[in-house]
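Residue numbers (our numbering), protein chains in the order written: chain A, 15 to 397; chain B, 15 to 397; chain C, 15 to 397; chain D, 15 to 397.
Cβ coordinates follow ideal geometry from the N, Cα and C atoms, glycine included.
Bear in mind that the values here come from a model prediction, so they are computed numbers and not experimental data.
Worksheet: the structure to be examined is printed underneath.
Protein chains: 4
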Amino acid sequence: MKLTPAPADKFTFGLWTVGNRGRDPFGDFVRPPLDPVRAVHCLAEIGAWGVNFHDNDLVPIDATAAERDRIVREFRAALDATGVTVPMATTNLFSDPVFKDGAFTSHDVRVRRYAVQKTMRAMDLGVELGARTYVFWGGREGAEVDAGKDPIEAIKRFRDAIDFLCDYARDQRYDLRFALEAKPNEPRGDIYFPTTASYLGFIPTLAHPEMVGVNPEFAHEQMAGLSFLHAVAQALEAGKLFHIDLNDQKPGRFDQDLRFGSESLKPLFFLVKLLEEQGYDGPRHFDAHAYRTEDDEGVWDFARGCMRTYLILKDKARAFAAHDGIQTVLAEIRGDGDELGPYSRQAAAALEAEAFDRQALASRRLAYERLDQLVIDLLLGVA
Amino acid sequence: MKLTPAPADKFTFGLWTVGNRGRDPFGDFVRPPLDPVRAVHCLAEIGAWGVNFHDNDLVPIDATAAERDRIVREFRAALDATGVTVPMATTNLFSDPVFKDGAFTSHDVRVRRYAVQKTMRAMDLGVELGARTYVFWGGREGAEVDAGKDPIEAIKRFRDAIDFLCDYARDQRYDLRFALEAKPNEPRGDIYFPTTASYLGFIPTLAHPEMVGVNPEFAHEQMAGLSFLHAVAQALEAGKLFHIDLNDQKPGRFDQDLRFGSESLKPLFFLVKLLEEQGYDGPRHFDAHAYRTEDDEGVWDFARGCMRTYLILKDKARAFAAHDGIQTVLAEIRGDGDELGPYSRQAAAALEAEAFDRQALASRRLAYERLDQLVIDLLLGVA
Amino acid sequence: MKLTPAPADKFTFGLWTVGNRGRDPFGDFVRPPLDPVRAVHCLAEIGAWGVNFHDNDLVPIDATAAERDRIVREFRAALDATGVTVPMATTNLFSDPVFKDGAFTSHDVRVRRYAVQKTMRAMDLGVELGARTYVFWGGREGAEVDAGKDPIEAIKRFRDAIDFLCDYARDQRYDLRFALEAKPNEPRGDIYFPTTASYLGFIPTLAHPEMVGVNPEFAHEQMAGLSFLHAVAQALEAGKLFHIDLNDQKPGRFDQDLRFGSESLKPLFFLVKLLEEQGYDGPRHFDAHAYRTEDDEGVWDFARGCMRTYLILKDKARAFAAHDGIQTVLAEIRGDGDELGPYSRQAAAALEAEAFDRQALASRRLAYERLDQLVIDLLLGVA
Amino acid sequence: MKLTPAPADKFTFGLWTVGNRGRDPFGDFVRPPLDPVRAVHCLAEIGAWGVNFHDNDLVPIDATAAERDRIVREFRAALDATGVTVPMATTNLFSDPVFKDGAFTSHDVRVRRYAVQKTMRAMDLGVELGARTYVFWGGREGAEVDAGKDPIEAIKRFRDAIDFLCDYARDQRYDLRFALEAKPNEPRGDIYFPTTASYLGFIPTLAHPEMVGVNPEFAHEQMAGLSFLHAVAQALEAGKLFHIDLNDQKPGRFDQDLRFGSESLKPLFFLVKLLEEQGYDGPRHFDAHAYRTEDDEGVWDFARGCMRTYLILKDKARAFAAHDGIQTVLAEIRGDGDELGPYSRQAAAALEAEAFDRQALASRRLAYERLDQLVIDLLLGVA
């Protein structure tokens, strides 16, 4: 079993993940800032392929043009020195108080315009550093007070911004795809487009649907207790899995962004299996952070752990496919017979005439308990 | 305030709702069966506009052709006598053991074929009695054991069935639209297409997307703690709100199907406001049932209560629109200025050159606490 | 209906509530610090009875003795000038990084000792300013990694601290009762003693159980989807409701601390009814804060709203008791007959010999739908 | 690794678990009734130690005395023939419509009396067959309509019943302990005493607290998203873990009663570790059932799986204790220094005088990410 991460595994981390300083609603920072250049070197050292960022993870919101240039120059030098790539970039449209009631969906048209301007500049920065995927997470696009915002108007405003930015990217001849990231709540009481599927429904209504996909995040679907596997499967089936955020989370609570594989071993096994078997070839991005109890050394324990567990689960996915007992059950539970096929009057007439023995069909054995136990054995390493 | 329901209010109930007999996983029936003919008469009496049914709510799964004809004849007579309509029909693809592992997504092609045949016959029945909307709720289309089912294959199988049935309806020249109804779990561990938005993402991939929309149910989104208001708004904005299931539910627990407005007064106020203001003109269908502690008389208390609370909330929506204090805050929170507008190089250049005063923008007052308290006052009747 | 708050209503706010500056995990402060002296004056103006604080809400953790004395002197002067009381005080054992892995339950005995010392000093401060109730909320007493902490040892450590502090209060002849406040999670993955009932089970194991009770918080039970009404009822029945934290919250998500009555109108109606009818005479403490979108003016809108809704619901509780329709149903649903009474051989023999008609008993009418609709009408002001 | 269950492992199943027939709110029975005698023989064959039952699992509610005697005689013969024990028994106070609004907490005193009578007879039956633990699960003791029931009165009624039954057991000289089982909701909207801790708070208020403990069930705490580990730890620490119900469940949804270890590998590992290390010597009772998709053969797959996973996790608990890497981290994270100790004036004075270096204490390394990854490795079998 190969458990040493290599660039070919396409593991990526955000500057904000390994750079997370451990502040939470009830307590202050516990770790010092992490210099982006050092982050790149450390990521290279542990075998990561890439690093992603929000504009202000790299360049402070108040930086002068000269500061921006120096920061970008030094960052690029670190990338060049290490071979670390920048596959994805995104915009911070949530930290500054200007976005307190939304960015693209703000009531104030000036805030909406500023958010689009900020995104254009952040896209320029991302593309300059090599990004091919641009993520949109609208952390403040939501409401606590539904009296104050028309949710239909919010959708229209969001569409206007995305359409504008698609055209900007096309006009700039950027080789860039957009990936929309959903979250049900936090920091807003409710966030618009709460699930990955909300964006799958929204994308076909855009002016350039072909360049827009989704960036599902495990923790975000898990917060609502929804099956992440099924959400990612729908995105894949629709050809819309443009990026993915891997982490862990307990359902029904605050956004935890835990180390990948630290809680949800079985669901994440099936996720890794799906990604690998479906040939997803984008980044495996870990959008998580170390526990607040960790120091700097612990941050890198955390990062190594994310990759290690992914590789273990990937190996188990291979073992699943090669497991005789499992494959036997899988073969048995699949029935045979003529497919429904496309509609025709003849097909419909034939179907209407067909007789079915409900009791016989109902009594067919489906050895799911046996199958599931074989999976548990496989996961626990006693197969 | 008009609180007496009338057919113009378009209130509908399912036979399975007023006919619910109170069985649950831990206890037996507490109420006798409700004869469909009597149901129609009682619904007429309390001011309902329509009655909906699953095929087997009306015609038992084992009925002979003669029994079917007699039942339909008597039911139609009751409809004619009372003026009660049948706006919607649907198929029971979940009660019989034959569907224990799914209907359209079963591993057994014979079960899938039987499910399509059963739906064709149920569509015939529904259309015969006047239905214009056909609902699909795939209660068994899901899994407890993800090892046993490929979720991508499940989506494809579901699409095959819907496409076939769309063509069947078209070929029969049925004036019928399909409305897909989502639910996250129960009775399956996870149900495919867990939210309304899952279907909004699925519909554009169908062969006849124009004839397929959604049937959101309050309790089902609420089970996952998602905003029903926002889900319905997205459906409306996409032109896909073909039907709606109204009831009540506490989040994060089993499917309760409570009397409309019995728990979630504020969310349901905004829902009614949205439906009324957006001109939704379909049925207001109550998919709920009386507490298991009720007898027959209590069933009709329950039904009357659903309609009464809807009418109260509708009146409050009118009061909201006419409330000076509320409208003043709403006017204040909306900023003014030039819209973003469609993309052009000039627009982009202008935007890039624009200077924004973040602190000034951030300090703009948004009196949401005041606004929300005015809404609470309105709801509590002390405005 | 009297809706103007007065000191006799015993409404209290924490310095940290009206002083909340709107920082959250994804964004910075949006409001400037609120001077405690100004807080007292504003609270007096809006009709609050009292103000509560964590030690460091009033006196910074790094203050010198001289600074402390000046702050306390000025604060007391504000109290004297306004008549505002300090009914409760508590310790901040969660903000400083020293408590990153717990205070009373830390693995490091020096941290545990420091936490007890800090609490002793904070008790001194609270008592000096008049507090009669001392609240313990162990925000960091929990774990993300169960491998790292023995939960049984955590209970023992927590007990040692509480027992020590009880003795300290007794030795100082402080007229002080302790109130333990539970929360299921956030900021820790899981917090020990996750519910009010956990403390009701813990208190009888203390050295001085008579001086320790609970401080239930609506949002905290609501996060786990539990009935706050039932939790408070159990605390009252056990004589342990020493304090209460009122606010609002949607279930199954991050800690929202919303304005009292902004979401959960029905549950909070029954809560107010219970408190008023059971003669609870402690503070009605609002542990909540204004939306992050608010400015200073909005903070006071928020505070006024909490009290206003409490008074409206209190009035509706009176109306419930006087409502003929409601009281008629309540009288009907109560059966009559001989109570079970205490055990004796004769009573047991009589009971064993008794014959019951299950069907007759089961068929008894319980008009809960009707009753609940009358409550909804009452809440909506259409009774 | 020993993975063959033996009576010494004390695995038990309820008749209602292996006998579950797969009915749910949306579908009918899929499996035929399981004869109790056959259940005993099958359980013996797979290595179970004991079998538990509700009175009506064994003896139908309408059985004559002669039928009861015959059933008990045949059941006892099966026990004798196989060596299977009956460690626990309980009462069905939820299936029959007579209990539709509660048993011990019903408004109707005749229902309350009947429930106590039924429990006395069921205790007689249980004791006759060897039970030493008697479980109380009040499935119908709750409400959907809080207007209809005073929750304080419900507590008092429940106490009256338990006190009466304690005295009955004592008077009969039954060697029997009571174990109270909590559940937050389902089938009632809210159930009184929703968590294990609710009963830990209730027990000290009983007339005979020493004979009453708790029966925590994994699924029930998990439904509310609470840590089962911490709940069981509190019960153990209080000396109140009299029985335990093992199964599996996803949080925030209907009661699933899944095969032990099928979902929550990490939480259940820590649970097994706690039980084994704390010397819990009661039954390991599996309160779960096979998926509705299973036939009879699958039921026994299910039962074997429960025991197998328990034994695997027990083996991993041993490996945890013997794991050098894990034990090294555990040793490092424990600080040293003088314990707080009991209160005295001198101890308090010394503590008040003590100086603490907050920054130094805060900077102490706690390698929880490393530790947790070692546990994940251990669970996945790659340690």
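Compare the Cα-Cα distances from residue i to each of the options and report the closest residue.
i, options, result
"VAL98 of chain C", "C:ALA20, C:ALA376, C:THR323", "C:ALA20"
"GLY349 of chain B", "A:MET15, A:PHE108, A:LYS163, A:MET137", "A:LYS163"
"ILE60 of chain D", "D:LEU48, D:THR96, D:ASP309, D:GLU277", "D:THR96"
"PHE113 of chain D", "C:LEU394, C:LEU220, C:ARG372", "C:ARG372"
"ARG90 of chain A", "A:SER241, A:PHE172, A:ALA53", "A:ALA53"
"LYS264 of chain D", "A:GLN248, A:ASN261, A:LEU243, A:GLY239", "A:GLY239"
"ILE217 of chain B", "B:LEU388, B:ALA252, B:VAL396", "B:ALA252"
"ILE347 of chain C", "C:ILE258, C:ARG84, C:ARG378, C:ILE169", "C:ARG378"
"LEU289 of chain D", "D:ALA317, D:LEU327, D:PRO165, D:MET102", "D:LEU327"
"GLY296 of chain A", "A:VAL159, A:PHE283, A:PHE172, A:TYR148", "A:TYR148"
"PRO230 of chain D", "D:GLU224, D:HIS222, D:PHE283, D:PHE207", "D:PHE207"
"LYS197 of chain A", "A:PRO46, A:PHE242, A:TRP314, A:ASP174", "A:PHE242"
"ARG359 of chain A", "B:LEU179, B:ASP69, B:VAL396, B:ARG322", "B:LEU179"
Whose Cβ in chain D lies nearer than 8 Å to the Cβ of residue i?
i, result
"ILE407 of chain C", "With chain C running from 15 to 397 in the structure shown, residue 407 of chain C is simply not present."
Listing by chain order, which chain D residues have their CB less than 7 Å from the CB of residue i?
i, result
"GLN12 of chain B", "An answer regarding residue 12 of chain B cannot be provided, because it is not within the stretch 15 to 397 covered by chain B."
"PHE316 of chain A", "GLU383"
When the distance is taken between beta carbons, is residue j closer than 8 Å to residue i?
i, j, result
"ASP189 of chain C", "MET237 of chain C", "no"
"GLU195 of chain C", "TRP151 of chain C", "yes"
"ILE205 of chain A", "GLY156 of chain A", "yes"
"ASP271 of chain B", "HIS303 of chain B", "yes"
"LEU107 of chain A", "ALA129 of chain A", "yes"
"LEU220 of chain A", "VAL228 of chain A", "no"
"HIS299 of chain D", "LEU260 of chain D", "yes"
"HIS257 of chain D", "MET102 of chain D", "yes"
"ASP352 of chain A", "VAL123 of chain B", "yes"
Residues of chain B with CB under 9 Å from residue i, in chain order?
i, result
"LEU393 of chain C", "LEU279, LEU393, LEU394, GLY395"
Going along chain D in order, which residues have a C-beta closer than 9 Å to the C-beta of residue i?
i, result
"ASP338 of chain B", "Per Cβ cutoff of 9 Å: no residues; ASP338 of chain B is ~34 Å from chain D at best."
"PRO198 of chain A", "Simply none; closest approach about 12 Å."
"SER109 of chain B", "PHE40, GLY41, ASP42"
"GLN248 of chain C", "PRO165, ILE166, ILE169, TYR206, PHE207, SER212, GLY215, PHE216"
For residue i, which residues in chain C fall below 8 Å Cβ to Cβ?
i, result
"GLU346 of chain B", "Within 8 Å Cβ-Cβ: nothing; GLU346 of chain B doesn't reach chain C, min ~12 Å."
"PHE121 of chain D", "One point to set straight first is that residue 121 of chain D is His, not Phe, in the sequence displayed. The answer, in chain order, is ILE347, ARG348, GLY349, LEU380."
How close, in whole Å, do the beta carbons of residue i and residue j come, if the pair is a contact with beta carbons under 8 Å?
i, j, result
"GLY153 of chain B", "PHE40 of chain D", "5 Å"
"GLY33 of chain C", "ASP71 of chain C", "7 Å"
"THR209 of chain D", "THR209 of chain C", "6 Å"
"TYR182 of chain D", "MET134 of chain D", "6 Å"
"ARG322 of chain B", "GLN387 of chain C", "7 Å"
Are there any heavy atoms of the ligand HEM lying less than 7 Å away from the beta-carbon of residue i, as far as the coordinates show?
i, result
"ALA304 of chain B", "The ligand HEM is absent from the structure shown, which contains no ligand whatsoever."
So which residues on chain C does residue i lean against when the C-beta distance must stay under 9 Å?
i, result
"GLU368 of chain D", "ARG124, ARG127, TYR128, GLN131"
"GLY144 of chain B", "Those within 9 Å of GLY144 of chain B in chain C number zero; the least Cβ separation is about 30 Å."
Applying a beta-carbon distance threshold of less than 9 Å, which residues of chain A neighbour residue i?
i, result
"ASP115 of chain B", "ILE347, ARG378, LEU380, TYR382"
Just the chain A side, please: which residues come within less than 8 Å of residue i by C-beta, in chain order?
i, result
"TYR305 of chain C", "GLU158, VAL159"
(message) Three Cβ pairs or more, each shorter than 8 Å: is that satisfied between the region 327-338 of chain A and the region 388-397 of chain A?
(response) Touching, yes, given that three or more Cβ pairs across the two stretches are closer than 8 Å.
(message) Taking contact to mean 3 or more Cβ pairs, one atom from each stretch, closer than 8 Å, check whether the region 133-148 of chain D and the region 178-189 of chain D are in contact.
(response) Judged by Cβ distances under 8 Å, the region 133-148 of chain D makes contact with the region 178-189 of chain D, as three or more pairs qualify.
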